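In order, the protein sequence lines correspond to chains A and B.
Just so we're on the same page, this note's numbering is the position in the first sequence counted from 1, plus 298.
Just so we're on the same page, this note's numbering is the position in the second sequence counted from 1, plus 80.
What follows is one structure encoded as structure tokens, with my remarks underneath.
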Amino acid sequence: AQTVTQSQPEMSVQEAETVTLSCTYDTSESDYYLFWYKQPPSRQMILVIRQEAYKQQNATENRFSVNFQKAAKSFSLKISDSQLGDAAMYFCAYRATSGTYKYIFGTGTRLKVLA
Amino acid sequence: DGGITQSPKYLFRKEGQNVTLSCEQNLNHDAMYWYRQDPGQGLRLIYYSQIVNDFQKGDIAEGYSVSREKKESFPLTVTSAQKNPTAFYLCASSRTAAYNEQFFGPGTRLTVL
Numbered sequence: 299a300q301t302v303t304q305s306q307p308e309m310s311v312q313e314a315e316t317v318t319l320s321c322t323y324d325t326s327e328s329d330y331y332l333f334w335y336k337q338p339p340s341r342q343m344i345l346v347i348r349q350e351a352y353k354q355q356n357a358t359e360n361r362f363s364v365n366f367q368k369a370a371k372s373f374s375l376k377i378s379d380s381q382l383g384d385a386a387m388y389f390c391a392y393r394a395t396s397g398t399y400k401y402i403f404g405t406g407t408r409l410k411v412l413a
Numbered sequence: 081d082g083g084i085t086q087s088p089k090y091l092f093r094k095e096g097q098n099v100t101l102s103c104e105q106n107l108n109h110d111a112m113y114w115y116r117q118d119p120g121q122g123l124r125l126i127y128y129s130q131i132v133n134d135f136q137k138g139d140i141a142e143g144y145s146v147s148r149e150k151k152e153s154f155p156l157t158v159t160s161a162q163k164n165p166t167a168f169y170l171c172a173s174s175r176t177a178a179y180n181e182q183f184f185g186p187g188t189r190l191t192v193l
């Protein structure tokens with residue numbers, strides 16, 4: 299069965315600095331999607347960034363980028379120029395490209411941004 | 081505006097009572113999902129529906145039931161058989177089951193007293 303592990307329950311970063319959130323996963327599939335979702339205090343889940351496993355190029359969305367290491371089954375999120383609005387829970391998620399299309403979520407990392 | 085609505089935002093029920101959580105979407109999405117969120121456990125899939133009149137159990141379906149009679153609606157009933165129903169419940173939808181993005185509703189916090 300697929301699993302997603304986020305080993306950092308909480309992280310802190312100074313405003314304007316860079317922070318990296320870690321995520322590892324386990325799967326026997328060769329093709330799949332990986333996601334980072336943000337959940338601010340409002341608890342509305344927001345998609346931050348998405349990576350397709352067959353693409354070697356790391357996905358980037360403005361200040362958010364990923365380091366996707368397929369062989370190591372690692373999918374970290376880098377937030378550059380951190381802003382107070384980035385403070386939230388961040389969830390890593392996995393989804394296969396076939397079968398039931400179920401999403402598997404990690405346990406989350408709480409990010410604090412210090413002014 | 082297109083989106084997913086969940087009502088109410090906060091719900092209180094007495095132990096032993098069934099309660100139904102509402103989820104409505106006007107995105108014309110085929111697939112809909114229910115997740116449960118507990119502190120320190122991320123999101124866990126309760127039920128999902130890939131198309132109208134069809135649904136499948138997720139990882140923690142015991143004590144829950146759903147229906148999908150209309151494309152835009154996917155209500156979740158928390159029954160008295162659910163041992164620990166107090167949690168935050170999130171509904172999501174996707175254009176199709178295979179589409180690689182889910183959109184989430186604002187969630188319902190259920191507290192069973």
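Here a beta-carbon is modelled for each residue, glycine too, at the ideal position from N, C-alpha and C.
These figures come from a predicted structure and were not determined experimentally.
Go through its chain and collect everything with a Cβ distance to E313(A)'s Cβ below 8 angstroms, but skip five positions before and after it. So the qualifying residues of the chain are S380, Q381, L382, V411, L412, A413.
Checklist entry - For R93(B), which of V158(B), G185(B), D134(B), G120(B) has the nearest alpha-carbon? => result Of the candidates V158(B), G185(B), D134(B), G120(B), the one whose C-alpha sits nearest the C-alpha of R93(B) is V158(B).
Helix, strand or coil for L382(A)? Go by DSSP, reduced to three states. L382(A) falls in the helix class under three-state DSSP.
**Request:** Return the Cβ separation of R348(A) and Y331(A) in integer angstroms, given the expectation that the two are a contact with Cβ distance under 8 angstroms.
**Result:** That pair is a contact at about 6 angstroms.
(request) Could you say which of P88(B), Y115(B), D110(B), E95(B) lies nearest to L101(B) if we only look at CA atoms? (result) Out of P88(B), Y115(B), D110(B), E95(B), P88(B) has the C-alpha closest to the C-alpha of L101(B).
query: Hey, is Q342(A)'s beta-carbon within less than 7 angstroms of any beta-carbon in chain B?
result: Taking Cβ atoms only, chain B reaches closer than 7 angstroms to Q342(A), which makes this a yes.
**Prompt:** So, is the C-beta of F410(A) closer than 7 angstroms to a C-beta in chain B?
**Reply:** In the sequence as displayed, the identity of residue 410(A) is Lys instead of Phe. No, its Cβ sits nowhere closer than 7 angstroms to a Cβ of chain B.
Original post:
Do Q337(A) and A385(A) have their C-beta atoms closer together than 7 angstroms?
Top reply: When the beta-carbon positions are compared, Q337(A) and A385(A) stay at least 7 angstroms from each other.
Practice problem: With DSSP collapsed to three states, give me the class of T322(A). | Solution: Residue state, collapsed to three classes: strand.
(message) Cutting at 6 angstroms between CB atoms, please list the residues of its own chain near S110(B), excluding the five before and the five after it.
(response) One detail in the question is off: residue 110(B) reads as Asp in this sequence, not Ser. Closer than 6 angstroms at the Cβ level, and outside the excluded window around D110(B), lie I131, T176.
Discussion item. When you compare the CB of G122(B) with every CB in chain A, is at least one pair closer than 7 angstroms?
Written reply: Chain A, which has a Cβ nearer than 7 angstroms to the Cβ of G122(B), makes this yes.
field: A394(A) versus S174(B) - alpha carbon distance
entry: S174(B) has its alpha-carbon roughly 15 angstroms from the corresponding atom of A394(A).
**Prompt:** A161(B) to T325(A), Cα distance in whole Å?
**Reply:** Using only the alpha carbons, I get a separation of about 33 angstroms.
3-residue-minimum beta strand (DSSP E) runs that sit fully inside the region 106-189 of chain B, ordered along the chain: Counting only runs of 3 or more, we get 111-117, 123-131, 134-137, 144-146, 156-158, 167-174.
For the beta strand (DSSP E) that R348(A) lies in, which residues bound it at each end? Element bounds for R348(A): 344-350.
Would you decide whether P339(A) is buried or exposed? Buried here means 16 or more other CB atoms lie within 10 Å of its CB.
-> With fewer than 16 other Cβ atoms within 10 Å, it is exposed.
Discussion item. Am I right that L91(B) and L190(B) are in contact with their C-beta atoms under 8 angstroms? What's the rounded C-beta distance?
Written reply: Right, the Cβ-Cβ distance comes to about 5 angstroms (below 8 angstroms), so this counts as a contact.
- Are the beta-carbon atoms belonging to Q342(A) and P186(B) less than 7 angstroms from one another? Their beta carbons are under 7 angstroms apart, which means Q342(A) touches P186(B) by this criterion.
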